[in-house]
Each structure stands twice: as structure tokens, then as C-alpha cells.
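Report on the structure given below.
Protein chains: 2
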Amino acid sequence: MHRTVDAAGVDEFSHFRALTKVAERGTLDSIFLADIPGTPPNVAFSGPMTHEPLTHLSAVAAVTQHIGLIGTATTSYYEPYNLARLFASLDLLSSGRAGWNMVTTGLPMVARNFGDDPLPAHEARYERADEFVEVVRSLWQSWDDGAVELDEVTGRYLDPERLRDIHHRGERFSVAGSLNVRPSPQGEPVRVQAGGSDRGLDFAARHSEVVFTSQHDIRAAVAFAHDLRARARALGRDPSSLLVLPGLSAIIGSSESEARAHAAELDDLVRPAASLALLSIQLGGFDVTQLDPDGPFPDLRHDPVATASRQRFRLITEKAWRENLTVAEVARWAARGHGHRVVVGTPEQVADDIVTWFDAGAADGFNLQPPVLPDGLTRFVDHVIPLLRSRGVFRREYESTTLRGHLGLPRERSTTRSSGRGDVK
Amino acid sequence: MHRTVDAAGVDEFSHFRALTKVAERGTLDSIFLADIPGTPPNVAFSGPMTHEPLTHLSAVAAVTQHIGLIGTATTSYYEPYNLARLFASLDLLSSGRAGWNMVTTGLPMVARNFGDDPLPAHEARYERADEFVEVVRSLWQSWDDGAVELDEVTGRYLDPERLRDIHHRGERFSVAGSLNVRPSPQGEPVRVQAGGSDRGLDFAARHSEVVFTSQHDIRAAVAFAHDLRARARALGRDPSSLLVLPGLSAIIGSSESEARAHAAELDDLVRPAASLALLSIQLGGFDVTQLDPDGPFPDLRHDPVATASRQRFRLITEKAWRENLTVAEVARWAARGHGHRVVVGTPEQVADDIVTWFDAGAADGFNLQPPVLPDGLTRFVDHVIPLLRSRGVFRREYESTTLRGHLGLPRERSTTRSSGRGDVK
């Protein structure tokens with residue numbers, strides 16, 4: 001564990017609040033919480049996923065003013081009415097700052113917390129997700145703007161003509177009513193997605209406004225964004241309403257050699273058992289802790305493991321095969337940046353890298369993955385953000401109060417487009 | 001609408017935060033949010049139930065230090081793993097201030113948001129609720145205290161021996177895993193309930209630590225508390241671990257005549273359409289807006305309406321029959337205090353009433369239902385609380401940081417009992 005980290009406090013709300021304040025000081029678009037509703041098999045080393053997103057994002061909403069609040073929640077094991085309502089409520093109480101990272105659950109360790117049925121197949125999970133998102137959006141749009149209009153004389157609270165039962169009856173869901181939360185200033189939460197399979201990309205092209213992705217190569221990233229926008233266009237969407245945010249883990253030093261020393265120091269802190277536990281999760285439950293760490297990584301490239309994130313699984317297994325790595329070497333690599341691209345350098349070098357990716361059309365922004373918290377985030381905010389500002393690619397202060405405003409995404413259901421495009425998440 | 005109310009802001013988070021701050025200034029045990037995951041048929045007049053409890057309580061947790069946070073969530077239309085996790089997370093981020101009001105859903109307007117199945121029968125709803133609570137508590141207890149114990153050398157985050165899969169396989173639920181949230185300082189959220197049917201009372205005796213109830217008569221209230229504790233004792237529970245909190249709506253004036261004038265002013269503000277819409281909800285969806293308001297209230301005493309809160313349904317229909325009231329008169333009465341007991345008087349008279357109920361064993365505290373917000377709460381905190389303090393029946397400052405501490409309930413799973421019994425909710 002890095003000397004800057006308070007081990008006892010990592011799952012305390014105060015720690016999360018402090019991180020969010022640093023991100024808001026940096027005028028970042030949003031914070032983002034991943035989520036797994038279950039306990040990983042190697043929890044002793046991986047740690048549990050303790051920050052339940054909806055409660056934690058609601059709590060920081062009360063102590064922040066501008067920053068967006070993106071949380072993950074699964075379409076596989078929620079009821080659409082409950083989920084629509086939780087996010088709409090977060091959106092309203094934060095005055096329009098919520099985002100929903102829409103995921104399907106591919107982990108057997110989660111499925112067993114929600115009944116006896118085995119994990120559904122990949123395609124079935126996405127079919128459910130498609131209908132789930134359709135229901136959630138119908139609920140979010142079941143109120144027109146201005147529905148609340150108190151009439152002092154009769155005591156009427158709202159205009160019933162501006163509130164609609166959705167009467168959804170589909171393959172998997174029947175949901176009749178309107179939602180009981182009015183729209184926030186941004187209309188509805190921003191839709192985010194990170195699935196990398198072919199089916200996942202179709203889902204993103206259909207439903208997403210922001211796509212998180214793991215991209216290690218600038219040309220591949222350009223091709224990825226191009227492919228995604230082409231899919232969106234084919235579905236009749238405006239491709240500019242779809243933002244691509246690759247992951248980026250920046251290891252920053254005041255000189256290049258200091259940055260390299262910091263990277264080596266961080267690598268040394270990765271405990272073998274912890275990295276193997278983490279790799280097992282990244283591989284969707286394929287348990288590498290049972291393998292000889294110094295033996296060759298097995299060739300899983302064509303393995304029909306249906307449960308992992310496809311993109312990450314392919315990335316890891318192909319790298320292992322290409323570079324002929326041992327199990328421990330793969331685990332150490334995957335621990336760096338959690339499988340995302342790692343840039344080691346001075347603030348100038350990191351800013352150069354970001355601008356290069358922007359200019360190439362490889363990224364509309366980045367999903368920052370600081371190598372250690374809070375230190376990695378603080379270094380980025382204090383040293384890289386000022387450079388991005390002076391180069392004119394990032395805002396100097398918030399120009400909007402909503403997440404849609406920060407991202408330059410249109411307010412849903414409204415004819416006005418908000419301004420203030422933000423480039424770094 | 002009362003002149004002290006800001007109509008546009010009633011569903012704003014800032015309004016809710018301000019109310020909570022007033023309650024905390026009064027060193028009350030907790031705030032409480034009711035909930036219905038659906039839109040009532042006469043929403044134009046009743047208004048929707050917009051404050052989704054888990055998000056709103058998480059948000060006020062971040063801006064308060066002591067006050068308990070009790071939220072309603074239905075056992076009928078949630079997955080136990082999701083619900084256990086949301087409340088455990090609220091409990092952890094608030095450092096041990098969460099409470100769960102466990103309800104079954106008796107409203108067809110809610111059922112239709114969760115599939116095609118009709119509302120289950122009363123008994124079936126409680127059978128599900130029994131098993132639901134069992135699963136939730138097993139999950140809350142799946143971590144021993146002190147499980148998190150970071151080992152710097154190996155990178156081990158917790159002791160896997162102190163974390164258990166629950167392996168629940170019951171009639172309705174299969175839940176295998178451990179929860180992924182560690183216990184809060186109070187061990188687990190406080191369990192609250194308000195069902196008044198015979199089956200509801202058995203449920204309360206089995207599972208509840210706090211019982212909300214509507215009691216209009218002090219002798220009936222004593223009998224109610226006695227019955228409930230006898231049921232708990234018969235199940236092998238310590239009856240003192242079960243607190244009875246009747247509803248109380250105090251209309252306060254600096255003189256008795258001023259209080260009566262204030263009550264009349266509030267009555268005059270009740271719009272007929274709004275009161276009929278509210279009564280329809282209180283009667284579980286029996287639509288009184290279709291009746292002649294000036295006609296006699298129908299004799300529903302023996303009506304097999306299975307969907308309403310039994311206790312409230314009986315209370316209203318028996319009063320209507322006994323006093324031979326019109327539909328409009330019943331609606332006006334039920335609007336006062338939302339069917340709870342109303343006390344009109346000076347702060348001294350309200351304090352006298354409260355002490356009388358304490359001394360008789362009719363109440364362990366009260367679920368305050370201010371007639372208008374924030375004014376009714378502010379009057380209580382500023383004028384009644386000081387009298388209760390000087391009479392020695394209420395704390396002068398918080399003596400604990402957890403809800404269990406405020407209520408004098410034992411910390412679950414621990415051998416130590418916290419002190420600091422609070423008497424007014």
C-alpha cells in the first residue's frame with residue numbers, strides 16, 4: 001500500500017467525499033463508481049466493492065455543486081421501476097447531475113445472489129438490457145416539463161394531462177404506471193455504457209451517450225470511435241450525441257525520471273496474491289490463483305468463457321499470448337491501470353498525450369484511472385489540468401450546472417441545447 | 001396551502017435538508033420517509049410521493065451528524081440482496097444512523113409497475129416479507145466485526161474467516177453470497193414496521209424493533225403496546241427491545257385560543273378535491289372521488305378490501321359509521337394529521353399530553369406528524385422540546401452517534417449495549 005494511502009479509511013464516506021472535492025476543484029465532468037452486487041471469490045485480497053453507487057452518489061450530491069455523478073447499476077438484477085426511480089431521484093436532488101452506467105451482469109458470483117437460475121447467456125442478457133433501458137427511459141419521460149403547477153384555489157398539485165402511464169408490455173417486463181419523480185433540470189440522467197463485445201457495441205450505439213472503453217493504441221481507438229459512430233448513424237442517431245472516453249491512468253512526476261521511479265514504486269507495491277485475485281475478476285471469474293504464477297499463461301484466446309467483459313478478456317489473453325508472459329507477469333500488467341492505458345511522464349508529457357488523442361479523434365475525453373488515490377488524482381488536477389486549460393482544450397470553470405451541460409449533450413425532451421462541452425472526464 | 005409554505009420547493013432537496021436540520025437541532029431520534037413506488041390515481045390532487053427514501057436519506061446523511069435516517073422500502077417488489085445492500089451502505093456512510101421501515105405493498109397501483117401478476121393476497125405478502133427480512137438480516141450479519149484487517153506484507157485486505165456466504169434457500173428466495181458492505185458502528189440498520197393487521201402485528205413482534213402506530217385513545221394505546229409485547233415475549237424476544245411510537249400531530253399556539261384558530265385555519269386550507277384524493281389513498285385505492293361528497297359515507301366496515309392498511313381502514317370506516325359522517329366530512333377528518341391523533345394546544349398542553357402518554361405506558365416515543373412543514377416542526381422543536389427537557393423526559397443533547405444509541409436499542413451482534421435512551425422520535 002502506498003505511503004499516501006490511509007488503509008483503514010478507504011471505504012469511509014469521508015475518503016470518498018474528499019476525492020470528489022478534489023475532482024470538483026479540477027472542474028472534471030463527473031465522478032464514476034463501478035459496481036458489482038456480489039463478493040468476489042478472492043475477496044480477502046481483492047477487497048469487496050463496497051461503495052454502493054446510488055447511496056454514495058446521493059451523499060456527495062449534498063456536498064458538491066457542479067460535478068456529475070455517474071453510477072453503475074445492473075439491468076440483469078434490478079426491477080426497472082426501482083432503478084428508474086433511484087436514478088431519477090438522484091438526478092432531481094442533485095439538480096441534474098446524474099448518469100447511469102448501464103451494465104449487464106456476466107459474473108456467476110452475482111447471479112447466485114438473485115435466485116437459482118444460472119447466469120443467462122450473453123445474448124439473453126443484452127435482450128433483457130435493451131427492454132430494460134426502454135422501460136427506464138419511458139418512465140423518465142412520463143412527465144412533461146411544467147407538469148407541477150400548483151392551483152391555490154382547487155389545491156391541484158399538477159396537471160394530469162402532463163403525466164402519462166407508460167403501459168409497457170414487453171417480452172420480459174410489464175410496467176404500467178408513470179414514474180413518481182419529476183424531471184430534473186437536465187431532463188433525465190445521462191446514459192453511459194462500457195461493453196466491448198459486438199453485441200455490447202450495438203447496445204451502446206442504440207442507447208448510450210457516453211462510452212467508456214479500454215484503448216491502448218491511438219489508431220485502434222480512432223477505429224473504435226469510428227465504428228461506434230457508424231453503428232449509431234445506421235440506427236438513425238446523431239453520431240455527435242455519442243461520446244467516447246477511453247480509460248487513462250497517468251503516473252505523473254516532476255521529471256520523466258521521477259515519474260518512472262514513481263511507476264516502479266507503484267509496481268513494487270502490487271502484492272502477487274492481490275494482483276492474481278484482481279486478474280481473476282478481470283477475467284470474469286477464471287481463477288488464476290490456482291495456476292503456477294511462474295508458469296506460462298494458458299492460451300485462453302479462443303476459450304468460450306461467456307461471462308467476462310469480452311473486450312478486457314480479449315485484451316488480456318491476446319497480450320499474454322503475444323508476449324509469451326507468465327501468469328504473474330500478466331497479473332502485474334493488468335494491475336497497472338486496471339487494464340487501461342498507462343502514461344508515465346511529466347505533466348507536460350501527459351498533457352501532450354491527451355491533446356494528441358483529442359486531435360486524432362481517438363477520444364472525446366478520458367475516464368481517468370488514477371494509479372493511487374487520492375495522490376494520483378491530486379497530481380492530475382494540480383499539474384495536468386492547468387496545462388490543458390492553457391492549451392484551450394479544457395474549461396477554466398464550470399459553465400453549466402448539469403452533467404449534460406458539462407458533456408455538451410442535449411437536454412432530453414427539450415428543444416434547447418445546452419452549451420459547455422467538457423473534454424476530460 | 002399555508003402562507004408559510006413555499007409551494008414550488010416542496011420536492012426540492014434543499015427543503016428536505018432544511019427540515020432535517022430543524023429536527024437535528026431538536027435532538028430528535030430520527031427523520032422518517034414513507035414511500036409508495038407508484039403514482040396514485042388522483043395524483044393531480046394528492047401529489048406524488050417524490051422523495052425516494054434511500055437517495056434522500058443518503059444525501060442528508062452527508063450534511064448531518066447525529067440524527068437517525070429511517071426509510072421505507074417494500075419487501076414485495078425489491079430483491080433482498082439489493083435492498084440489504086442499499087440500507088447497509090446508507091448505514092455505513094452515515095456511521096450507523098440507518099433504519100428500515102419494512103412494508104408489504106397492498107396497493108394495486110404499485111403492483112402494476114412490477115409485472116402482470118395481480119397483487120398477492122395479504123397472507124402471501126407477509127410470507128414473502130418474513131423470508132425477505134430473514135435474508136436481509138443474514139446478509140447484514142455475514143460480516144463479523146473486525147473482518148477488515150489489512151496485512152501490509154501480503155496485501156490481504158480482510159480475514160476471509162470473518163466473512164460468510166449465507167447459502168439461503170427458501171420458498172421464495174435463493175441468495176448464496178455474503179454482502180459486500182461491512183457492518184456500521186451500530187451493527188446493522190434498525191428495523192421499523194407499521195402494519196396494524198393481526199398478521200402485521202405478528203410480523204412486528206417477530207422482526208421489528210420500532211413500531212409506528214395510529215392510536216387515538218390512551219387506553220387503546222396501552223392495550224396495543226401490551227398486546228405487541230406479549231406477542232414478542234411468546235416468540236422468545238425481550239419485549240423491551242420493541243419500542244411503540246404512536247403518531248402525533250401537534251397544532252401549537254401560544255395560547256389555547258391561538259392554537260384553535262391555527263387548527264381552524266389549517267382545516268380551511270384543506271381543499272375538498274385534495275382531501276378526497278388523500279382519503280382514497282388512505283383507503284387503499286377505494287375511490288371516494290366518485291361518490292357524492294355530501295352523501296353518507298358507505299358502510300365499508302365489513303368490506304373485504306384486502307389492499308389497504310387494515311388498521312387505518314378500520315379506523316376510518318368505523319369512525320364514519322359511528323358518527324354518521326358524510327364523505328366530505330370523513331375526508332376532512334382524515335386529512336388532519338393524516339389519520340393520526342391531533343393535539344391542539346399550547347406547548348405546555350402538548351408536553352403534558354406527551355408525559356401523560358409516557359407515564360401510562362401508552363408510548364415509548366412519538367412519530368411526529370407536523371400539520372404543516374416546516375412551521376409545525378419548528379414550533380415543536382422551539383417550544384415543546386425545551387419543556388420536555390426541563391421535565392427530564394428528553395435528552396438535552398445527543399448522547400450517542402448511532403440510531404440504536406438514540407433509541408436505547410442494543411447494537412446487534414455485539415455484547416455491549418449502548419446507552420442513551422431517547423423518548424421522542
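Residue numbers (UniProt numbering), protein chains in the order written: chain A, 1 to 425; chain B, 1 to 425. For each residue, glycine too, the CB sits at the ideal point set by N, CA and C.
Check your understanding: Taking A:Leu-86 as the reference, which of A:Glu-52, A:Leu-119, A:Val-110 and A:His-168 has the closest Cα?
Key -> For the purposes of this step, residue 86 of chain A is taken as residue 86 along the first sequence, with counting starting at 1. Of the listed residues, the one whose Cα sits closest to A:Leu-86 is A:Glu-52.
Check your understanding: By the 10 Å Cβ neighbour count, where 16 or more other Cβ atoms means buried, how is B:Glu-323 classified, buried or exposed?
Key -> Working through the second sequence from its first residue, we reach residue 323 of chain B at position 323. That one is exposed.
Review point. When DSSP labels each residue in this structure, what does A:Leu-54 get in the three-state scheme?
Key: The residue labelled residue 54 of chain A in the question sits at position 54 within the first sequence. Here A:Leu-54 sits in helix by DSSP.
Review point. Is the stretch 70-84 of chain A close to the stretch 17-35 of chain A, with three or more CB pairs under 8 angstroms?
Key: yes
Practice item. Have a look at B:Ser-89, B:Leu-269 and B:Ser-178 and flag the residue whose alpha-carbon is nearest the alpha-carbon of A:Glu-152. Key: Along the first sequence, one-based indexing puts residue 152 of chain A at 152. Taking only the C-alpha atoms, the option nearest A:Glu-152 is B:Leu-269.
**Study point:** Reduced DSSP secondary structure (H/G/I, E/B, other) of B:Ile-281
**Key:** Residue 281 of chain B sits at position 281 when you count from the first residue of the second sequence. Correct three-state label for B:Ile-281: helix.
Review point. Is B:Ala-306 helix, strand or coil by DSSP?
Key: Here residue 306 of chain B is taken as the residue at index 306 of the second sequence, counted from 1. A caution first: B:Ala-306 carries a pLDDT of 48, below 50, which makes its placement in the model unreliable, though a value can still be read off. Here B:Ala-306 sits in coil by DSSP.
Practice item. Go ahead and pull the three-state DSSP assignment for A:Leu-158. Key: To locate residue 158 of chain A, count along the first sequence from 1; it is residue 158. It is a strand residue.
Check your understanding: Name the chain A residues that come within less than 7 angstroms of B:Phe-114, Cβ to Cβ?
Key -> Locating residue 114 of chain B in the second sequence gives position 114, where the first residue counts as 1. Simply Glu-79 and Tyr-81.
Review point. Comparing the C-beta of B:Ala-306 with each C-beta of chain A, is any distance below 8 angstroms?
Key: For the purposes of this step, residue 306 of chain B is taken as the residue at position 306 of the second sequence. Confidence at B:Ala-306 is low in this model, with a pLDDT of 48, below 50, so its placement is unreliable and the value that follows should be read with caution. It does not: the Cβ of B:Ala-306 has no partner Cβ on chain A nearer than 8 angstroms.
**Study point:** Spatial neighbours of A:Leu-276 in its chain, beta-carbon cut-off 6 angstroms, leaving aside the 5 residues before and after
**Key:** The residue given as residue 276 of chain A occupies position 276 in the first sequence. These residues qualify, in order along the chain: Val-288, Thr-289 and Ala-331.
Check your understanding: Using the beta-carbon count (16 or more within 10 Å), is A:Ala-362 buried or exposed?
Key -> To locate residue 362 of chain A, count along the first sequence from 1; it is residue 362. The residue in question, A:Ala-362, is buried, as its Cβ has 16 or more Cβ neighbours within 10 Å.
Review point. Are B:Phe-212 and B:Leu-179 touching if we call contact CB-CB under 8 angstroms?
Key: On the second sequence, residue 212 of chain B is found 212 positions in, with the first residue counted as 1. On the second sequence, residue 179 of chain B is found 179 positions in, with the first residue counted as 1. Result no, Cβ atoms of B:Phe-212 and B:Leu-179 do not sit closer than 8 angstroms.
Exercise for review: Would you kindly work out how many angstroms separate the C-alpha atoms of B:Val-222 and B:Trp-357, rounded to a whole number?
Suggested key: What you label residue 222 of chain B is simply residue 222 of the second sequence in a count that begins at 1. What you label residue 357 of chain B is simply residue 357 of the second sequence in a count that begins at 1. The straight-line gap from Cα to Cα measures roughly 9 angstroms.
Exercise for review: For the stretch 93-108 of chain B, enumerate the residues whose C-beta is nearer than 9 angstroms to any C-beta of chain A, in chain order.
Suggested key: Leu-93, Ser-94 and Ser-95
**Study point:** First through last residue of the alpha helix (DSSP H) which encompasses A:Ala-147
**Key:** Position 147 of the first sequence, counting from 1, holds the residue named residue 147 of chain A. Premise fails: A:Ala-147 is in no alpha helix (DSSP H) and is neither H nor E.
Review point. When DSSP labels each residue in this structure, what does A:Leu-269 get in the three-state scheme?
Key: Working through the first sequence from its first residue, we reach residue 269 of chain A at position 269. Of the three classes helix, strand and coil, the one that applies to A:Leu-269 here is helix, per DSSP.
Review point. Just checking my contact of A:Asp-130 with A:Phe-16 at CB under 8 angstroms: how many whole Å lie between their CB atoms?
Key: One-based indexing of the first sequence puts residue 130 of chain A at position 130. One-based indexing of the first sequence puts residue 16 of chain A at position 16. The Cβ separation is near 32 angstroms, so there is no contact.
Exercise for review: Starting from the C-beta of B:Ile-316, find all residues in its chain whose C-beta is less than 7 angstroms away, skip the five residues before and the five after it, and write them out in chain order.
Suggested key: The residue given as residue 316 of chain B occupies position 316 in the second sequence. Cβ neighbours of B:Ile-316 beyond the five flanking positions: Gln-282, Leu-283, Val-330, Ala-334 and Gly-339.
Check your understanding: If you draw a straight line from the alpha carbon of A:Gly-68 to that of B:Thr-154, how long is it in whole angstroms?
Key -> Sequence index remark: in the first sequence, residue 68 of chain A carries index 68 (1-based). Sequence index remark: in the second sequence, residue 154 of chain B carries index 154 (1-based). Approximately 36 angstroms between the Cα atoms of the pair.
Point to revise | Neighbourhood of B:Pro-239 by C-beta distance below 7 angstroms, restricted to the same chain and skipping five residues each side | key: Taking the second sequence and counting its residues from 1, one reaches residue 239 of chain B at position 239. Once the five neighbours on either side are set aside, the close Cβ partners of B:Pro-239 are Arg-229, Ala-232 and Arg-233.
Check your understanding: With respect to the beta strand (DSSP E) encompassing B:Ser-249, which residues constitute its N-terminal and C-terminal limits?
Key -> Taking the second sequence and counting its residues from 1, one reaches residue 249 of chain B at position 249. Note, B:Ser-249: beta strand (DSSP E), 243-252.
Check your understanding: When we look at the beta-carbon of B:Gln-65 and count the other beta-carbons within 10 Å, is it buried (16 or more) or exposed?
Key -> Taking the second sequence and counting its residues from 1, one reaches residue 65 of chain B at position 65. Looking at its Cβ environment, which holds fewer than 16 other Cβ atoms inside 10 Å, B:Gln-65 is exposed.
Review point. Which term fits A:Val-424, buried or exposed, when burial requires 16 or more other beta carbons within 10 angstroms of its beta carbon?
Key: Reading the first sequence from its first residue, position 424 is the one you call residue 424 of chain A. At A:Val-424 the pLDDT is 44, less than 50, meaning the model places this residue with poor confidence and gives no usable figure here.
Point to revise | Cβ shell of B:Pro-40 (< 6 angstroms), same chain only, five flanking positions each side left out | key: Mapped onto the second sequence, residue 40 of chain B falls at position 40. So the list reads Ser-46 and Ile-281, once near-sequence residues are dropped.
Point to revise | Residues within the stretch 173-199 of chain B neighbouring chain A, beta-carbon criterion of under 9 angstroms | key: Phe-173, Ser-174, Val-175, Ala-176, Gly-177, Ser-178, Leu-179, Asn-180, Val-181 and Arg-182
Review point. Measuring CA to CA, which of A:Ser-30, A:Arg-391 and A:Gln-193 is closest to A:Ala-98?
Key: For the purposes of this step, residue 98 of chain A is taken as residue 98 along the first sequence, with counting starting at 1. Checking every option, the nearest Cα to that of A:Ala-98 belongs to A:Ser-30.
Check your understanding: Is the beta carbon of A:Arg-182 sitting closer than 8 angstroms to the one on A:Trp-143?
Key -> Position 182 of the first sequence, counting from 1, holds the residue named residue 182 of chain A. Position 143 of the first sequence, counting from 1, holds the residue named residue 143 of chain A. The answer is yes: Cβ separation under 8 angstroms.
Check your understanding: Taking buried to mean at least 16 other C-beta atoms within 10 Å of its own C-beta, is B:Pro-118 buried or exposed?
Key -> If you number the second sequence from 1, residue 118 of chain B lands on position 118. Exposed is the call here.
Review point. Are the CB atoms of B:Ser-208 and B:Gln-193 nearer to each other than 8 angstroms?
Key: Translated into the one-based positions of the second sequence, residue 208 of chain B becomes position 208. Translated into the one-based positions of the second sequence, residue 193 of chain B becomes position 193. Yes, they are a contact pair.
**Study point:** Residue range of the alpha helix (DSSP H) that includes A:Thr-378
**Key:** Within the first sequence, the letter at position 378 stands for residue 378 of chain A. Segment 375-379, the alpha helix (DSSP H) holding A:Thr-378.
**Study point:** Whether B:Phe-394 touches B:Leu-248 by CB criterion (8 angstroms)
**Key:** Translated into the one-based positions of the second sequence, residue 394 of chain B becomes position 394. Translated into the one-based positions of the second sequence, residue 248 of chain B becomes position 248. Not closer than 8 angstroms, so no.
Exercise for review: Apply the 10 Å Cβ neighbour rule to B:Gly-405 and answer buried if 16 or more other Cβ atoms are within range, or exposed otherwise.
Suggested key: For the purposes of this step, residue 405 of chain B is taken as the residue at position 405 of the second sequence. Burial call: buried.
Check your understanding: With a Cβ-Cβ cutoff of 8 angstroms, do A:Ser-58 and B:Thr-55 count as a contact?
Key -> Along the first sequence, one-based indexing puts residue 58 of chain A at 58. Along the second sequence, one-based indexing puts residue 55 of chain B at 55. Contact: yes.
Review point. Are the CB atoms of A:Ala-274 and B:Pro-160 nearer to each other than 8 angstroms?
Key: By 1-based counting over the first sequence, the position of residue 274 of chain A is 274. By 1-based counting over the second sequence, the position of residue 160 of chain B is 160. Not a contact, by the Cβ cut-off of 8 angstroms.
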